[in-house]
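A.B. asks:
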Amino acid sequence: MITNADPIITRRIAFEDSYTIERYLATGGYEGLRRALTMTPEAVAEEVNKASLLGRGGAGFPAGRKWSMLRQAPTSYLVVNGDESEPATFKDHLLIERDPHQIIEGSLITAYAIGASQIFIFCRGEFALGLERLQAACNEAYAYGAIGKNIFGAGFSIDLVIHPGAGAYICGEETALLESLEGKRGFPRIKPPFFPAVNGLYGQPTVVNNIETMSNIPWIILNGGDAFAALGTGASTGTRLFALSGRVKRPGWYELEMSKTTFRDLIFDPSLGGGIIDDGTIKAFIPGGVSAPWFGPDQLDLGLDQEAVGKAGSMLGSGSVVVMDDTTCVVRAAWRITRFFHRESCGQCTPCREGGTWLEQIMRRIEEGGGRESDLDLLMDVCDNIAPGVSWPPQQTTICVLGPSIPSSIASAIRMFRDEFLAHIEAGCCPMGGAR
Ligand SMILES: Cc1cc2nc3c(=O)[nH]c(=O)nc-3n(C[C@H](O)[C@H](O)[C@H](O)COP(=O)(O)O)c2cc1C
Ligand code: SF4
Numbered sequence: 045m046i047t048n049a050d051p052i053i054t055r056r057i058a059f060e061d062s063y064t065i066e067r068y069l070a071t072g073g074y075e076g077l078r079r080a081l082t083m084t085p086e087a088v089a090e091e092v093n094k095a096s097l098l099g100r101g102g103a104g105f106p107a108g109r110k111w112s113m114l115r116q117a118p119t120s121y122l123v124v125n126g127d128e129s130e131p132a133t134f135k136d137h138l139l140i141e142r143d144p145h146q147i148i149e150g151s152l153i154t155a156y157a158i159g160a161s162q163i164f165i166f167c168r169g170e171f172a173l174g175l176e177r178l179q180a181a182c183n184e185a186y187a188y189g190a191i192g193k194n195i196f197g198a199g200f201s202i203d204l205v206i207h208p209g210a211g212a213y214i215c216g217e218e219t220a221l222l223e224s225l226e227g228k229r230g231f232p233r234i235k236p237p238f239f240p241a242v243n244g245l246y247g248q249p250t251v252v253n254n255i256e257t258m259s260n261i262p263w264i265i266l267n268g269g270d271a272f273a274a275l276g277t278g279a280s281t282g283t284r285l286f287a288l289s290g291r292v293k294r295p296g297w298y299e300l301e302m303s304k305t306t307f308r309d310l311i312f313d314p315s316l317g318g319g320i321i322d323d324g325t326i327k328a329f330i331p332g333g334v335s336a337p338w339f340g341p342d343q344l345d346l347g348l349d350q351e352a353v354g355k356a357g358s359m360l361g362s363g364s365v366v367v368m369d370d371t372t373c374v375v376r377a378a379w380r381i382t383r384f385f386h387r388e389s390c391g392q393c394t395p396c397r398e399g400g401t402w403l404e405q406i407m408r409r410i411e412e413g414g415g416r417e418s419d420l421d422l423l424m425d426v427c428d429n430i431a432p433g434v435s436w437p438p439q440q441t442t443i444c445v446l447g448p449s450i451p452s453s454i455a456s457a458i459r460m461f462r463d464e465f466l467a468h469i470e471a472g473c474c475p476m477g478g479a480r
């Protein structure tokens, strides 16, 4: 069902000048911050708790609960994660380019609620236009008095720094991001002891939240946590921004009410994905970014709901939905995803570094026609070494979850389309010509 819920975070983007402070102020901008500063920090945090806002960066941890876990200390930080480097994930990109003030306002409200001493927004370096607009918005917000000393005369002061990333996917993992912010190589830290809420940036307690998570905060403060929680069902409240790509007629961004809208709606409704290109047949789809296990057409009627997707064996993850049809070579698709993870492994953990390399090589061999039937068991065995049991959620033998993400696409492809692997091996080439 497609509901008529108004958009929350994309309501401004239709304006040509949506990224300017003039448009922001003309459309209610910084009113949420003004309201928050009349409340106690605890009351602000309570609204976000009531909203049941789940983090939009991948793991879906409730934002209010994360804030409550921050160790109290004289210095603490808010770090906003705008690294967004996973293939097919492109929703934060939109928010950064088209509504940077909304991110800044959400970050300021959050910093006030948690008592942070400074805010950093870490933005993917390749987002040249996004970085330019984010920095311009930051300068405008300083000039307007929304950032800096004694904000709006309310006695709250804070600085905000925009920090460009240097082009590594692993820097989206929160502890690698903190290393990178500190000027070091982006190596994930071991948790424990490096849980950011306790021991984060420069060893101080730190909250790391995603760009989309922050973008929801001004609306929640202006409209109340209950109004947000009234959208969606269960724990999956509010709306979510989905990045739809692959073999659909209308790829793009869609902000939809959680839970009530289904994958079938998203992919097939004429006002959304519009169905499969050339009216082909859907073969499989990835429900939440390329780290996630795949679903077949039998899961199309699942709601866009974190819990339901989790129970069905995958995740809503980064909000990116990739559609494959009968012209897609699943071996090639899984190989390309594996190739990405293999290249982006930071190399600290043997299962991820070596396992990812082996998986990529075996997948390439099969796709290019040199595969053996025993390769299928070999692939699953290597997957099992990286993520024992090859189940969902994955078991972890590594420092971060990039490693256990690698088996998702291979295991899905083998389990769902074993015949296609065998056809490659028997034909000694890709029977589909290695097309997509
Ligand atoms: C390999 C890897 C890459 C990640 N990339 C991103 C990213 O680009 N953006 C993001 O917000 N979270 C990313 N995450 C998740 C972050 O570690 C973290 O959970 C998130 O920023 C927390 O924000 P949230 O609670 O608001 O979702 C990544 C995690 C892993 C393991
Ligand atoms: S799992 Fe991979 S990316 Fe993560 S720390 Fe280990 S080697 Fe690095």
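One gets this note's numbering by counting positions in the sequence shown from 1 and adding 44 to each.
C-beta: ideal position from N, C-alpha, C; glycine also.
1) Are the segment 325 to 334 and the segment 75 to 82 in contact at 8 Å, needing three or more beta carbon pairs?
2) Suppose you measure from the CA of L300 to the CA of L360; what does that come to, to the nearest Å?
3) Pull up the distance between the alpha-carbon of A180 and that of A220, whole angstroms please.
4) Going by DSSP, which residues form a beta bridge with N254?
5) Sorry if obvious, but does the Cβ on I381 come closer than 7 Å to a heavy atom of ligand 2?
6) Sort G169, I265, A198, G216 by Cα distance to L97 and report the nearest one.
7) Using 8 Å as the cut-off, can you tell me whether the segment 438 to 454 makes contact with the segment 365 to 372, which would need three or more C-beta pairs spanning the two stretches below that distance?
8) Is A287 near ligand 1, in the sense that its beta carbon is under 7 Å from a heavy atom of that ligand?
9) For ligand 2, any of its heavy atoms closer than 7 Å to the Cβ of T401?
10) Any idea what DSSP makes of P106, helix, strand or coil?
11) Output the distance between the C-alpha atoms of F312 and Y298, rounded to the nearest integer angstrom.
12) Using a threshold of 8 Å, state whether the C-beta atoms of V366 and S289 are closer than that.
13) Measuring alpha carbon to alpha carbon, tell me which of R387, A455, R233 ends up nearest G338.
14) Flag S201 as yes when its Cβ comes closer than 7 Å to any non-hydrogen atom of ligand 2, and as no otherwise.
15) Check whether chain B comes within 8 Å of D463, counting only Cβ atoms and requiring the distance to be less than that.
16) Can you check which of these residues, Q162, L138, I147, is closest to F171 by C-alpha distance?
17) If distances are taken between C-alpha atoms only, which option among R409, A467, P144, Y156 comes closest to A87?
18) By the 10 Å Cβ neighbour count, where 16 or more other Cβ atoms means buried, how is S201 classified, buried or exposed?
19) Give a single yes or no on whether V252 has its beta carbon closer than 7 Å to a heavy atom of ligand 1.
20) Any chance you could list the residues with Cβ under 6 Å from a heavy atom of ligand 2, keeping chain order?
21) What does DSSP give as the partner residues of I16 in its beta bridges?
22) Ignoring anything shorter than 4 residues or poking outside the segment 355 to 441, list the alpha helix (DSSP H) runs there in chain order.
23) What's the gap between the Cα of K110 and the Cα of L344?
24) Considering only DSSP beta bridges, list what W263 is partnered with.
C.D. replies: If we stick to the structure as given:
1) no
2) 13 Å
3) 26 Å
4) N125
5) no
6) I265
7) no
8) no
9) no
10) strand
11) 13 Å
12) yes
13) Rather than Gly, the amino acid found at residue 338 in this sequence is Trp. Out of R387, A455, R233, A455 has the C-alpha closest to the C-alpha of W338.
14) no
15) No chain B is part of this structure, which consists of one protein chain only.
16) L138
17) Y156
18) exposed
19) yes
20) I214, P232, S389, C390, G391, Q392, C393, C396, R397, T442, I443, C444, L446, G447
21) The first residue shown for the chain is 45 and the last is 480, placing residue 16 beyond what the model contains.
22) 374 to 388, 394 to 411, 418 to 430
23) 32 Å
24) In the DSSP output, where bridge partners are listed per residue, W263 has none listed.
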